[in-house]
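A quick write-up on the structure given underneath.
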Ligand code: NAD
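Residue numbers (this note's numbering): -10 to 430.
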C-alpha cells in the first residue's frame, strides 16, 4: 500500500514512521520547508523516545520519504492522512483552516480513488466539510474521481507515542462506505496481531470519541486536584486517598494523580472545543466547564504555596525549577504549567534557574533569556531559596539530597507532582510542600 501523511508534527511523523515500520510505502508531507529538509538529513523537529532511530531505519530502506510537494506525493496513494494542527480559535472552537487547506490541495491533485482520513482531532461534522471542499475542487477541475472521507482519531501519548501507535489499546475508525472500511482494515492489519481491537463506527461517532476520551481524562485530573485541595484543608493525605480509591477497579489507578494541572497541546484545547461545540448546539457542558476552571486554578497552586511560605517576599530570591515540559519524556511546552509558575515568579522580581532534560531549547522560544538554564539539575540549585519540582522526569525521582542540601541556600522543596516522600525530606532537614498533603511544621 502507498499512503501520504500530510502534516509532519508529533502525530504525523509518528503515524508515518510507524506505518513505514510495518512495510507500507509512506510519504510525509509538510509545508514547513526547513522541517522537511532537516528530516531528509534525519534531524527531527521533536523529541520522542525511539523515533530518531526508527525514522533513520525506514528512510534508509526507502519506505519513508519526506516532501513539501503534496501534488506529486498524493498520486496513486490509497490513503491520505490529514494530521495538521487544529489550534483553538478565539472562541475556543477548533480552528479548521489547516485541515480544510489540506483537503483543498488533495481535491486539486488526486488522480485516483483515495480514502482521505482526518487524524487531526476535529469536531463532529468536520469530515463532511472535508468532503464538500474536495467535491468543490473536483467539480472545478471537471473530473469525477471517487473518494471517501474517514475519521481515524489518534490516541497516542507524547513520550510513549511509538509504543502507543504500534500496540494501541484500540484503533477507532469512522467510515461511511464498505470500500473505505476495507482499505482501512488492510492498512491496520499489521497492528492487530496481538488482539488490539479495530473498532469501526460511523464518522460522527469516531470524531466524538476522541473528544470524549480527552474530556474524560481531563475530568479525572481536575476531580483529583479538587480532592487534593480539600485534603489539604481537612488534614487528609491525598496520596493515601488515591491508593484507597484506585484499588476499586471501577475507578482504576490511572490518571488520579494530583498535581499542578494538565497542559500540553491536547487536553486544554480539546476540552475548550467540546464545550464550544456543545454551546453552539444549545447544550451546556457544566462538568467540563468546571474541569477547565479547576485546572486554571491548579496551575497557581504551587506558586501560592511559595508566596505564602516567603510571606510574599519573593523579589531577588532564586528559584530552582526541575522540569519545564508539560509532562515527562517530551519537549512539548504547549500550555505547560511551568510557564504560568515562571511568569508569576518573574512578575514578583524573583530569579528562576531551570533545567529540563530535553525541553530547554523549546522553552527558550517562549521564555528567551528571562530565566537561566542549568547544565544539569544540580547546577540550578546553587544558592537557591527553594527547589520546585514541576515535571516528574524519572531522573528527578531519587536525587542525592545530601548534595541538594549543600548546594541550596534554604532547604525548601515545593513538589508539584508528589514524587518525594514528605517524612523522608523532613528527616533530611527540608521543609516540604506537596499537593494535597497537610503541611508538617
Ligand atoms: P504539530 O503542530 O506538531 O504538527 C502539525 C504540522 O502540520 C506542522 O508541522 C505544520 O507545519 C503542518 N502543516 C500545517 N498546515 C499544513 C499544510 N497545509 N500542509 C502540510 N503541512 C501542514 O501538531 P500535532 O501535535 O502533531 O497535532 C496534530 C493534530 O493531532 C491536532 O489536531 C492534535 O489535536 C491531534 N493530536 C495530537 C496529539 C499529540 O499528542 N500531539 C495526540 C493526538 C491527537
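C-beta atoms are modelled at their ideal positions from N, C-alpha and C, and glycine is treated no differently.
Report task. Kindly indicate which three-state DSSP category residue 188 falls into: helix, strand or coil? Result -> Of the three classes helix, strand and coil, the one that applies to residue 188 here is strand, per DSSP.
Query raised in the report: Is the beta carbon of residue 282 sitting closer than 8 Å to the one on residue 82?
Result: Contact: no.
Query raised in the report: Once you ignore the five residues that flank residue 356 on each side, which residues in its own chain have a CB closer than 7 Å to its CB?
Result: So the qualifying residues of the chain are 331.
Query raised in the report: Cβ of residue 431 within 7 Å of any heavy atom in the ligand NAD?
Result: There is no way to answer for residue 431, as the model of the chain reaches only from -10 to 430.
**Report entry** Bounding residues of the beta strand (DSSP E) (the contiguous stretch that carries residue 421)
**Finding:** 420 to 422 is the span of the beta strand (DSSP E), which, as asked, contains residue 421.
Report task. Spatial neighbours of residue 267 within its chain, please: CB distance less than 6 Å, with the 5 preceding and 5 following residues excluded, ordered by chain position. Result -> Only 274 meet the Cβ criterion.
Query raised in the report: Which whole-angstrom value is the C-beta distance of residue 105 and residue 140, which I expect to be below 8 Å?
Result: Going by Cβ atoms, the distance from residue 105 to residue 140 rounds to 10 Å, so no, they are not a contact pair.
Query - Proximity to residue 215 [Cα-Cα], best of 136, 345 and 288 - result: When each option's Cα is compared against that of residue 215, the closest is 288.
Report task. Throw me the rounded Cβ distance for the residue 119 and residue 211 pair, which I believe falls under 8 Å. Result -> 32 Å between Cβ atoms; not a contact.
Query - alpha helix (DSSP H) segment containing residue 28, residue limits - result: Segment 22 to 29, the alpha helix (DSSP H) holding residue 28.
Query raised in the report: Could you give the C-beta distance for residue 65 and residue 94, rounded to a whole number, given that I count them as a contact under 8 Å?
Result: Going by Cβ atoms, the distance from residue 65 to residue 94 rounds to 16 Å, so no, they are not a contact pair.
Query - Contained beta strand (DSSP E) runs [length at least 3] in the region 7 to 71, N- to C-terminal order - result: If only complete runs of 3 or more residues are kept, the region 7 to 71 shows the beta strand (DSSP E) at 14 to 18, 53 to 56 and 68 to 71, in order along the chain.
Requested in this report: Tell me where the alpha helix (DSSP H) around residue 310 begins and ends.
Outcome: Per DSSP, residue 310 belongs to no alpha helix (DSSP H); it is in the beta strand (DSSP E), 307 to 311.
Report task. Using 10 angstroms around the beta-carbon of residue 366, count the other beta-carbons present and answer buried if the total reaches 16, otherwise exposed. Result -> Flag for residue 366 reads buried.
Query raised in the report: In three-state DSSP terms, what is residue 262?
Result: Residue state, collapsed to three classes: helix.
**Report entry** Nearest-angstrom beta carbon gap, residue 45 and residue -5 [assumed within contact, 8 Å]
**Finding:** With 8 Å as the limit, residue -5 and residue 45 do not qualify as a contact, their Cβ atoms being about 22 Å apart.
Query raised in the report: Can you find a heavy atom of the ligand NAD that lies under 7 Å from the Cβ of residue 227?
Result: No.
Query raised in the report: Is any heavy atom in the ligand NAD found nearer than 7 Å to the beta carbon of residue 54?
Result: Distances between the C-beta of residue 54 and the heavy atoms of the ligand NAD are all 7 Å or more.
Query raised in the report: Is it true that the region 110 to 127 meets the region 149 to 156, where meeting means three or more beta-carbon pairs spaced less than 8 Å apart?
Result: By the Cβ criterion, the region 110 to 127 is not in contact with the region 149 to 156, since fewer than three pairs of Cβ atoms, one from each stretch, lie closer than 8 Å.
**Report entry** Proximity of residue 103 and residue 67 at Cβ, strictly below 8 Å
**Finding:** Result yes, Cβ atoms of residue 103 and residue 67 sit closer than 8 Å.
Requested in this report: Inspect the CB distances between the region 169 to 181 and the region 242 to 251 and report whether three or more fall short of 8 Å.
Outcome: With a cut-off of 8 Å, the region 242 to 251 and the region 169 to 181 do not count as touching, because too few Cβ pairs lie within range.
**Report entry** Distance CB(residue 307)-CB(residue 372) smaller than 8 Å
**Finding:** Going by C-beta atoms, residue 307 is nearer than 8 Å to residue 372.
Query raised in the report: What did DSSP end up calling residue 335 once you bin it into helix, strand or coil?
Result: Note: residue 335 maps to helix in three-state DSSP.
Report task. Specify, as a first and last residue, the run of the alpha helix (DSSP H) that residue 116 falls within. Result -> First-last of the alpha helix (DSSP H) with residue 116: 115 to 130.
Query - Spatial neighbours of residue 247 in its chain, beta-carbon cut-off 6 Å, leaving aside the 5 residues before and after - result: Cβ within range, chain order: 213, 214, 217, 227, 424 and 425.
Query raised in the report: Does the beta-carbon of residue 129 have 16 or more other beta-carbons within 10 angstroms, so that it is buried, or is it exposed?
Result: That one is exposed.
Query raised in the report: Apart from the five residues on each side of it in sequence, which residues of its chain come closer than 6 Å, Cβ to Cβ, to residue 334?
Result: 308 and 341.
Query raised in the report: Can you name the start and end residues of the alpha helix (DSSP H) that residue 231 belongs to?
Result: Counting along the chain, residue 231 sits inside the alpha helix (DSSP H) bounded by residues 227 to 235.
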